[in-house]
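**Student:** If you're matching positions, the sequence shown starts at 1 in full-length UniProt numbering and goes up one per residue.
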Amino acid sequence: MIGAGAVGENVADRTVQGGLETVIVEEELVGGECSYWACMPSKALLRPGAAVRAAQAVGGAAEAVTGEIDAQAVFRRRDRITHDRSDDSQVEWLDGAGIALLRGHARFTGPRRLTVTASDGTVTELVARHAVAVCTGSVPVLPDVPGLAELEPWTTRDATSASEVPATLAVLGGGVAGCELATAYANLGSRVTLIARHGLLGGMEPFASELVRESLEATGVRVMTDTDVVQAHRAEQNAVLTLGDGGRVLAERVLVATGRVGRTHDLGLEELGLVAGTGIDVDDTMRVPGSDWLYAVGDVNGRVKLTHQGKYQARAAGDAIAARAAGRPVDDAPWGAHVATADHSAVPQVTFTDPEIASVGLTASAAEQAGLRTRVLDYDLSWLAGATVYADDYRGQARAVIDLDRNVLVGATFAGPDVGELLQAATIAIVGEVSIDRLWHAVPAYPTVNEVWLRWLEALGRPGSQTESPE
Ligand SMILES: Cc1cc2nc3c(=O)[nH]c(=O)nc-3n(C[C@H](O)[C@H](O)[C@H](O)COP(=O)(O)OP(=O)(O)OC[C@H]3O[C@@H](n4cnc5c(N)ncnc54)[C@H](O)[C@@H]3O)c2cc1C
Ligand SMILES: NC(=O)c1ccc[n+]([C@@H]2O[C@H](COP(=O)([O-])OP(=O)(O)OC[C@H]3O[C@@H](n4cnc5c(N)ncnc54)[C@H](O)[C@@H]3O)[C@@H](O)[C@H]2O)c1
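Dropping the structure here:
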């Protein structure tokens, strides 16, 4: 295994459990990006704002919220959650799981062959008997804007590990990372300008983007969509970003969150006839086409850059490696034990903005593009009894996308406080291809926001009854 992020750890766990001697090579911290610089610290920075908003939205509790968010206390809690960037507990876990750890930078020297260079220069050669899994994650993409690199902008790593709140922050990129970190720093007291080349949260339902934009603006964030930065320079204390229309944005700090690409540089991929600098293509067992030993799992293959989905790929790949090594059959039919079929049609994601956005499967427009005959069901979550109790002036929206030919759910998006906790039901309905008729028997508890499921079903009409509504 090259890379001991969440994904590498999970591949290794499965290959050890499958009876294979397993070595994991790591050049930084065991646990990878998610634990120290991505998911965990970013959510730690976001959670206090969400907690305060939750209390402020409930009369009686609101009166108890009298102060401001304490940024230094937030950073201290973030440091606790990221174990002060110590990987001791993860190394202990590797030990317990029977996975050997080799610290250093891995590089291919030929098929199945690697050198690992430690920080003190010691070089170790490794030859894999069965397989090598590349689990090296991804790196941020810096847009090719003249002067931007010279500004030494923050990457998401800097933003999630900072211990100061810049007075003014310009965030470049309107994707998930840009929207989340703009929310986090606005909550911590920065005056934030969010600059997005297109809209916000591209690829999600349009209402998600609209609600997040409204709330960012209500918090004082200046949101500039369909805006390009064409030049950057520093003037005294400030970075100056020149926009496509000639306008300027001044900020103490610039955060670049404009996407990521598989970490394949300086890995010796050329020795294998592969191209470096981009993601590594794989089949559904995460094996590189044309090879019987090389796998690429997690962010590095570019299929879905999410921790939980990478770990899902890892379980399939690790078991496939072990099965192939033992000459056991590989179940690579769709939804088989050794494939990551859900990557194509049922990827759950929670975006921890205000409101939170939880999505899985196809959006209405993606379903249409896929040629499905669909019915789209929209519901204002504030109409639910559960929402009335949950928060005063509850704001939330949900959409279901139904495949009319198969009579199943193919996509769902929820926007509202804590809706991430509603998501798994939708994921199960999609992956399980639960028929709409059967869903009538999955009764949502009263009074919870889950009752949106009943409202969706009512809009479709009871099966076989005269109240069945027309398509
Ligand atoms: C700001 C931010 C927030 C995010 N929030 C979420 C979230 O809330 N939920 C979610 O699901 N996803 C989130 N993600 C995505 C998530 O972080 C990634 O999908 C996940 O970390 C990928 O895991 P990985 O194991 O593939 O890669 P990584 O965690 O990057 O692990 C790769 C490891 O390989 C090592 N490595 C690389 N090259 C070599 C080499 N040549 N030799 C030795 N070691 C090497 C690296 O040091 C690293 O430890 C977020 C991403 C960002 C940027
Ligand atoms: N909660 C979560 O699940 C979570 C949170 C953060 C990040 N992530 C994952 O991490 C990965 C990286 O996140 P990300 O937001 O950086 O990537 P992204 O690809 O989701 O978004 C990048 C955004 O930057 C824009 N962009 C690209 N070039 C630009 C330019 N020159 N100027 C202005 N805008 C430009 C793109 O149009 C896009 O909207 C994603 O795959 C995401 O899923 C997940």
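Positions of the beta carbon are idealized from the N, C-alpha and C atoms, including for glycine.
From the DSSP output, in three-state form, read off S42 for me.
**Tutor:** DSSP places S42 in helix when its eight states are reduced to three.
**Student:** Within the same chain, show all residues whose beta-carbon is closer than 7 Å to that of S382, passing over the 5 residues directly before and after it, in chain order.
**Tutor:** Taken in chain order, the residues that qualify are Y394, R395, G396.
**Student:** In the DSSP output, what is R375 paired with across the bridge?
**Tutor:** BP columns for R375 point to I402.
**Student:** Under a three-way DSSP split, which group does V347 fall into?
**Tutor:** Residue state, collapsed to three classes: coil.
**Student:** Do you know offhand how far A57's Cα is from P334's?
**Tutor:** So the two alpha carbons sit approximately 45 Å from each other.
**Student:** Please report the straight-line C-alpha distance between L45 and V74, rounded to a whole angstrom.
**Tutor:** Cα to Cα, the separation comes out at about 6 Å.
**Student:** Are Q313 and V347 closer than 8 Å when you measure CB to CB?
**Tutor:** Against a cut-off of 8 Å, the Cβ pair of V347 and Q313 comes out as no contact.
**Student:** Answer with buried or exposed for A162, where buried requires no fewer than 16 other C-beta atoms within 10 angstroms of its C-beta.
**Tutor:** Counting Cβ neighbours within 10 Å, A162 comes out buried, since at least 16 surround it.
**Student:** Starting from the Cα of G268, find the closest Cα among G60, T117, V360, F352 and give me that residue.
**Tutor:** The candidate whose alpha carbon is nearest that of G268 is T117.
**Student:** Extract the residue ranges of the beta strand (DSSP E) inside the segment 77-133, only unbroken runs of 3 or more that lie entirely within it.
**Tutor:** Complete beta strand (DSSP E) runs here, min 3: 100-103, 105-110, 113-117, 123-127.
**Student:** What separation, rounded to the nearest whole angstrom, lies between the Cα atoms of T122 and A337?
**Tutor:** Cα to Cα, T122 sits roughly 39 Å from A337.
**Student:** Note down, one range per segment and in chain order, each beta strand (DSSP E) of at least 3 residues found wholly within the segment 273-301.
**Tutor:** Taking only runs of at least 3 residues, the beta strand (DSSP E) segments lying wholly in the segment 273-301 are 294-296.
**Student:** For M224, write down the residues that DSSP places opposite it in a beta bridge.
**Tutor:** Answer is I195.
**Student:** In the DSSP assignment, what are the bridge partners of S190?
**Tutor:** S190 is not bridged to any residue.
**Student:** Check this for me: beta carbons of V212 and C179, under 8 Å apart or not?
**Tutor:** Cβ atoms of V212 and C179: closer than 8 Å.
**Student:** Provide the residue span of the alpha helix (DSSP H) that contains A385, from first to last.
**Tutor:** Counting along the chain, the alpha helix (DSSP H) containing A385 begins and ends at 385-390.
**Student:** Could you tell me whether the segment 37-54 touches the segment 77-89, using the rule of 3 or more Cβ pairs below 8 Å?
**Tutor:** At 8 Å Cβ cutoff, the stretches touch.
**Student:** Where does the unbroken alpha helix (DSSP H) through Q237 begin, and where does it stop?
**Tutor:** It is not in any alpha helix (DSSP H) - Q237 carries neither H nor E in the DSSP assignment.
**Student:** Enumerated in chain order, which unbroken segments of the beta strand (DSSP E) with a length of 3 residues or greater are wholly contained in the segment 4-39?
**Tutor:** Segments of the beta strand (DSSP E) lying fully in the segment 4-39: 23-26.
**Student:** Determine the DSSP secondary structure at I2, reduced to helix, strand or coil.
**Tutor:** Three-state DSSP puts I2 in a strand.
**Student:** Note down the Cα distance separating D158 from V256, rounded to an integer number of angstroms.
**Tutor:** Roughly 10 Å separates the two Cα atoms.
**Student:** Which residue comes first and which comes last in the beta strand (DSSP E) that contains T413?
**Tutor:** Start and end: 408-415.
**Student:** Leaving out the 5 sequence neighbours to the left and right, which residues in its chain are closer than 8 Å to V91 when beta-carbon positions are compared?
**Tutor:** Cβ neighbours of V91 beyond the five flanking positions: V30, L101.
**Student:** Near M286, what residues of its chain come up, given a Cβ to Cβ distance below 6 Å and the 5 sequence neighbours on each side ignored?
**Tutor:** Same-chain partners within the cutoff: Y295, V297, Q313, A317.
**Student:** Between the C-alpha atoms of L201 and G19, what's the straight-line distance to the nearest angstrom?
**Tutor:** In a straight line, the C-alpha of L201 is about 43 Å away from that of G19.
**Student:** Tell me the rounded alpha-carbon separation between E150 and L181.
**Tutor:** So the two alpha carbons sit approximately 22 Å from each other.
**Student:** Hey, out of L372, D403, T183, whose CA is closest to G49's CA?
**Tutor:** Ranking L372, D403, T183 by Cα distance to G49 puts T183 first.
**Student:** Looking at the strands, I want to know which residues DSSP matches up with G262.
**Tutor:** Paired residues: S138.
**Student:** When you compare each of T227, G203, G199 to E214 by their alpha carbons, which one comes out closest?
**Tutor:** Of the candidates T227, G203, G199, the one whose C-alpha sits nearest the C-alpha of E214 is G199.
**Student:** In the DSSP output, which residue or residues are listed as bridge partners for D380?
**Tutor:** Answer is Q397.
**Student:** Do three or more CB pairs link the segment 214-228 to the segment 186-197 at distances below 8 Å?
**Tutor:** Enough Cβ pairs lie closer than 8 Å, so yes.
**Student:** In this structure, how does DSSP classify A167 when only helix, strand and coil are distinguished?
**Tutor:** Coil.
**Student:** Roughly how many angstroms lie between the CA atoms of R113 and V139, to the nearest whole one?
**Tutor:** Rounded to whole angstroms, R113 to V139 spans 24 Å at the Cα level.
**Student:** Can you tell me the Cα-Cα spacing of V339 and P166, whole angstroms?
**Tutor:** One C-alpha to the other measures close to 45 Å.
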